[in-house]
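A.B. asks:
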Amino acid sequence: MKFTTARLCGGKSLMAISADEMDLDMEAAAKHFEEQGCPITSIDDMMVVFQWNGMEVTLYSQGKVMFFPLEDKSLCIKYATEMLESL
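FYI, in my numbering the residues of the sequence shown are 1098 to 1184.
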């Protein structure tokens, strides 16, 4: 997978933006991550927010993944790739 990254929230968050067009099923994604032991804090048609590895992760239906707090771009891409490939 190919991603670009964006730095958000004054540099304390990173978002991986998929180069591929995606349309993820948020209910299925929430179920998947909940089964992996990730507490879900919010879900709607456009995004799911959950706790993972000490971070708040927001997964968007378009394949964007935001991590807070995270400042390492290579880790951002690694984590996003792993998450999206697991779905």
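Note that beta-carbon positions come from the ideal geometry of N, C-alpha and C, so glycine has one too. These numbers come from a predicted model, not from an experiment.
Name the residue from Phe1100, Phe1130, Lys1128, Ala1125 whose alpha carbon lies nearest to the alpha carbon of Ala1116.
C.D. replies: It is Phe1100.
A.B. asks: I need the straight-line Cα distance from Glu1124 to Gly1107, nearest angstrom please.
C.D. replies: Looking at the two C-alpha atoms, the distance is approximately 30 angstroms.
A.B. asks: My parser needs the beta strand (DSSP E) runs of 3 or more residues fully inside the region 1139-1166; what are they?
C.D. replies: Fully enclosed beta strand (DSSP E) runs of 3 or longer: 1144-1149, 1152-1157, 1162-1165.
A.B. asks: Decide yes or no for the touch test of the region 1127-1138 against the region 1159-1179: beta carbon pairs closer than 8 angstroms, at least 3 of them.
C.D. replies: Touching, no, given that fewer than three Cβ pairs across the two stretches are closer than 8 angstroms.
A.B. asks: When the Cα atoms are used, what is the spatial distance from Met1098 to Met1119?
C.D. replies: Cα to Cα, Met1098 sits roughly 12 angstroms from Met1119.
A.B. asks: Terminal residues of the continuous alpha helix (DSSP H) containing Leu1172?
C.D. replies: Note, Leu1172: alpha helix (DSSP H), 1170-1183.
A.B. asks: Is the beta carbon of Ser1110 closer than 9 angstroms to that of Phe1164?
C.D. replies: Their beta carbons are under 9 angstroms apart, which means Phe1164 touches Ser1110 by this criterion.
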